[in-house]
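Heads up: the sequence shown begins at 1 in full-length UniProt numbering, then just goes up one per residue. Virtual Cβ for every residue (Gly too), placed ideally from N, Cα, C. Reviewing the structure listed below.
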Amino acid sequence: MSEATLREQIEAQLKTVYDPEIPVNIWELGLVYEIKIKENNRIGIDMTLTAPGCPVAGDIIREVDEKVRNIEGVSEVDVHLTFDPPWTKEMMSEEARLELGFL
């Protein structure tokens, strides 16, 4: 499988993970900062949350890990949570801002 195809599959899975408090997926919210495809299809994901004290942080990270790990060919997943840079509404896609009434 090509790296581009694997990246598309990862992005598709990330679009199925929702912050339970916001009806928009984490990809459209701009919470995923980087996807790294390493040797042997080890996947590194740098992401953030809308707020550092997010009560469902563990659930979101676990769901990201499980969904990406279930993609055929993925050998390992490392989800790295960061708050640098802090998330802002400007990181959302135009579609997400429209859905949440920010446009």
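Cβ-Cβ distance between residue i and residue j below 8 Å
i      : j     : result
ILE35  : ARG7  : yes
ILE71  : GLN9  : yes
LEU103 : GLU94 : yes
Selected residue, minimal CA-CA separation from residue i, among the options
i     : options                    : result
ARG97 : VAL74, LEU29, ILE43, PRO52 : LEU29
Residues near residue i in its chain [Cβ-Cβ closer than 6 Å; skip 5 each side]
i     : result
ASN41 : GLY73, VAL74, SER75
ALA57 : LEU49
LYS15 : ASN25, TRP27
GLN13 : LYS67, VAL68
GLU3  : ILE37
Chain-order list of residues whose beta-carbon lies under 8 Å from that of residue i (same chain, five-residue window excluded)
i     : result
TYR18 : VAL24, ASN25, ILE26
Residues of its chain near residue i, where Cβ-Cβ distance is below 7 Å and the 5 sequence neighbours each way are ignored
i     : result
VAL32 : LEU14, ILE26, ILE45, MET47
Check whether the segment 75-89 and the segment 43-51 touch, using three or more Cβ-Cβ pairs below 8 Å as the test. With the rule of 3 Cβ pairs closer than 8 Å, the segment 75-89 counts as touching the segment 43-51.
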